[in-house]
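Line by line, the protein sequences give chains C and F. In this text, residue positions in the first sequence follow our numbering: the first is 312, and each later residue adds one. In this text, residue positions in the second sequence follow our numbering: the first is 59, and each later residue adds one.
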Amino acid sequence: MTKQEARERLMDYLYDEMSEQERKEFEKHLENNPGLRDELKELKGTRSLLGKVSMEAPQQPDFNMPPKPNSWGASSYVKTALAAAAALLVGVMMFAFADLQFGQTEHGYYLTFGTPPAQESITEEAVEELVNRLQQENRLMAAAMYEQLSEQQDEQLNRAMADLAEYYEMQRERDLMLVAEGFAQLEEETTDRFIQTNEAIGDIFYALYNQ
Amino acid sequence: MLTGLKDMDDQSLVRRVQEGDQEAFTELVDRWQNKIHRFAYGFLADADDAGEITQKTFIKAYQKLDTLDDRGKFSSWIYRVANNLCLDELKRAGRRKSTPLELWNGQSAAGTINPKTPADTLETRELEQILRKALLTLSEEQRTVVILKEYEGLKFREIADILGEPENTVKSRLYYGLKHLRRTLTTWNIPKQYLNDD
């Protein structure tokens with residue numbers, strides 16, 4: 312069993328998330344592993360302390376339900392159906408009360424209120440003017456769309472840069488934390504070794520002195 | 059109707075909410091409000107923030123419950139929403155946890171341990187404050203796992219589901235989280251008897 316596996320099994324054992332068979336096997340492993348037994352004892356101690364206090368907060372406010380949406384407006388289907396019905400009604404009213412004329416000329420069909428339009432043909436100049444106007448409007452629309460797209464892209468880029476900076480900051484802090492933890496552990500181990508060495512030297516001096 | 063709702067499991071309640079039953083959502087809130095609030099309080103160690111997070115969690119749940127495909131996973135889902143809101147709150151407020159650098163500098167849980175209290179006894183209230191501060195020294199990931207395991211009593215599999223992480227990662231974080239807490243509390247000169255398994 313690797314150290315990593317032993318740790319994971321230890322957690323399963325600590326929190327009683329093992330089958331009976333697994334528990335017996337792990338207990339056998341513990342019998343032959345005093346280091347792991349000490350770890351288990353420490354973890355149990357920490358858990359015991361955590362269990363001594365509850366994490367209940369002071370009285371919390373009751374959750375306020377958001378207002379119930381109006382059932383008339385709740386369904387988009389209802390809205391669409393109502394809008395279609397209203398449009399149909401308006402159309403029927405217009406047909407019923409307006410002097411709607413529908414007919415056919417040599418150029419095509421017409422639909423109008425009142426007197427049908429005079430039969431005029433459109434000149435070449437008028438067509439050209441219409442086309443130019445359409446082209447100009449298209450150019451303006453394209454320019455406006457391009458500007459909007461550029462703005463959106465700039466905004467996205469700025470947001471991405473801010474997120475990246477924040478990510479690096481978080482990573483830096485995590486790294487600092489790991490370094491500090493390493494130092495803390497090193498200090499603990501060094502202190503233990505120092506104490507052991509002192510004790511050994513003391514024993515040697517004592518033995519020498521008492522020879 | 060209300061009696062019927064109280065007998066329903068979460069899965070059935072979620073289905074009813076998705077069908078438009080607001081009473082069913084009220085029942086879900088009643089069941090989960092305290093747990094979410096306790097989780098948020100353990101994470102942020104501030105009652106006001108915990109209250110706000112609880113509200114936001116259920117508002118979000120109310121708005122987004124129709125996106126929950128697997129109704130049986132409501133508990134993981136609601137904890138995940140709460141956890142993400144807690145993390146967002148930390149980012150938004152620009153809050154940083156106490157880092158072990160403070161431990162390294164030998165600072166104790168300043169002002170928490172009453173100097174008049176005998177060295178071998180601590181009042182429960184003092185202990186609570188100390189533990190909350192100690193929890194804040196953990197990374198957000200370790201803190202989440204410790205709270206969900208120790209105070210919400212969830213299984214490793216459930217926590218892994220909430221966080222979208224492998225089970226072994228959850229166990230590893232819990233292991234290092236508990237070790238870190240012990241080291242922190244020892245550095246803060248917590249009487250040894252409190253750290254023994256009695």
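Here a beta-carbon is modelled for each residue, glycine too, at the ideal position from N, C-alpha and C. Quantities reported herein were computed from a predicted structural model and do not represent experimental measurements.
Identity of the residues DSSP links to residue i by a beta bridge
i: F/Thr125; result: For F/Thr125, which the question treats as bridged, DSSP gives no partner whatsoever.
i: C/Gly414; result: C/Tyr421
Inter-residue CB distance, residue i and residue j (contact presumed, cutoff 8 Å)
i: F/Thr202; j: F/Asn142; result: The Cβ separation is near 10 Å, so there is no contact.
i: C/Met322; j: F/Leu253; result: Not a contact, Cβ separation roughly 19 Å.
i: F/Glu77; j: F/Lys64; result: With 8 Å as the limit, F/Glu77 and F/Lys64 do not qualify as a contact, their Cβ atoms being about 18 Å apart.
i: F/Leu236; j: C/Leu354; result: 5 Å
i: C/Val490; j: F/Leu189; result: Not confirmed; about 25 Å, so no contact.
i: F/Glu210; j: F/Phe97; result: 6 Å
i: F/Ala103; j: F/Leu194; result: 6 Å
i: C/Leu325; j: C/Leu341; result: No, C/Leu325 and C/Leu341 are not in contact; Cβ-Cβ is about 11 Å, not under 8 Å.
i: C/Arg485; j: F/Ser197; result: 7 Å
i: F/Tyr99; j: C/Met452; result: No, F/Tyr99 and C/Met452 are not in contact; Cβ-Cβ is about 55 Å, not under 8 Å.
Chain C residues whose Cβ lies nearer than 8 Å to that of residue i
i: F/Gly100; result: Met366
i: F/Arg89; result: Those do not exist, as F/Arg89 stays about 12 Å from chain C at its closest Cβ, beyond 8 Å.
i: F/Phe214; result: Met322, Asp323, Tyr326, Glu328
i: F/Leu189; result: Leu360, Leu361, Val364
Cβ of residue i within 9 Å of any chain F Cβ
i: C/Gly384; result: Any reading at C/Gly384 needs caution, since the residue's pLDDT is 46, under 50, leaving its predicted position unreliable; the model's value is listed next. C/Gly384 does not count as touching chain F.
i: C/Leu347; result: no
i: C/Arg504; result: no
i: C/Gln507; result: no
i: C/Glu458; result: no
i: C/Gln482; result: no
i: C/Glu336; result: no
i: C/Glu440; result: no
i: C/Glu333; result: no
i: C/Glu492; result: yes
i: C/Glu500; result: no
i: C/Glu477; result: yes
i: C/Phe315; result: For clarity, residue 315 of chain C is Gln in the given sequence; the question names Phe instead. Interface residue, yes.
Residue-chain proximity (residue i, chain C), Cβ-Cβ < 9 Å
i: F/Val204; result: yes
i: F/Lys149; result: yes
i: F/Ile248; result: yes
i: F/Leu185; result: yes
i: F/Ser70; result: no
i: F/Asn226; result: yes
i: F/Arg96; result: yes
i: F/Ser197; result: yes
i: F/Met59; result: Unreliable positioning characterises F/Met59 in this predicted model, as indicated by a pLDDT of 48, which lies under 50. A coordinate reading is not provided.
i: F/Pro176; result: Confidence at F/Pro176 is low in this model, with a pLDDT of 48, below 50, so its placement is unreliable and no value can be given for it.
i: F/Thr125; result: no
i: F/Ser166; result: Reliability fails at F/Ser166, whose pLDDT of 46 lies under 50, so the model's placement of it is uncertain and no value is given.
Under 8 Å from the C-beta of residue i: neighbouring residues of chain F
i: C/Arg318; result: Lys229, Ser230, Tyr233
i: C/Arg485; result: Ser197
Beta-carbon neighbours of residue i, restricted to chain F and to distances below 7 Å
i: C/Met472; result: Result: empty, since nearest Cβ-Cβ is about 16 Å, beyond 7 Å.
i: C/Glu353; result: Arg240
Chain F residues whose Cβ lies nearer than 9 Å to that of residue i
i: C/Met452; result: Here the premise fails: no neighbours, minimum Cβ distance about 36 Å.
Interface residues of chain C facing residue i [CB-CB closer than 9 Å]
i: F/Tyr252; result: Gly356, Ser359, Leu360, Lys363
i: F/Arg138; result: Under the 9 Å cutoff, chain C gives no residues; its nearest Cβ is about 18 Å from F/Arg138.
Partner residues on chain C for residue i, Cβ-Cβ distance less than 7 Å
i: F/Thr182; result: Val364
Near the ligand MN: residue i beta-carbon under 8 Å from a heavy atom
i: F/Gly235; result: The ligand MN is not part of this structure, which contains no ligands at all.
*Decide if the segment 113-127 of chain F is in contact with the segment 200-207 of chain F; the criterion is three or more beta carbon pairs, one per stretch, under 8 Å apart.*
As far as the Cβ criterion goes, the segment 113-127 of chain F does not touch the segment 200-207 of chain F, which means the pair count is below three.
*Three or more C-beta pairs closer than 8 Å, one from the segment 228-245 of chain F and one from the segment 335-345 of chain C: is that the case here?*
Touching, no, given that fewer than three Cβ pairs across the two stretches are closer than 8 Å.
_Three or more C-beta pairs under 8 Å: does that hold for the segment 82-102 of chain F against the segment 61-71 of chain F?_
Yes, since at least three Cβ pairs between the segment 82-102 of chain F and the segment 61-71 of chain F fall closer than 8 Å, the two stretches touch.
*Is the segment 209-219 of chain F touching the segment 124-139 of chain F, taking contact as three or more C-beta pairs under 8 Å?*
Between the segment 209-219 of chain F and the segment 124-139 of chain F there are three or more inter-stretch CB-CB distances shorter than 8 Å, so the stretches are counted as touching.
*Indicate whether the contact test is met: 3 or more Cβ pairs, each with one atom in the segment 127-136 of chain F and one in the segment 391-398 of chain C, closer than 8 Å.*
Output reads no: the segment 391-398 of chain C does not touch the segment 127-136 of chain F.
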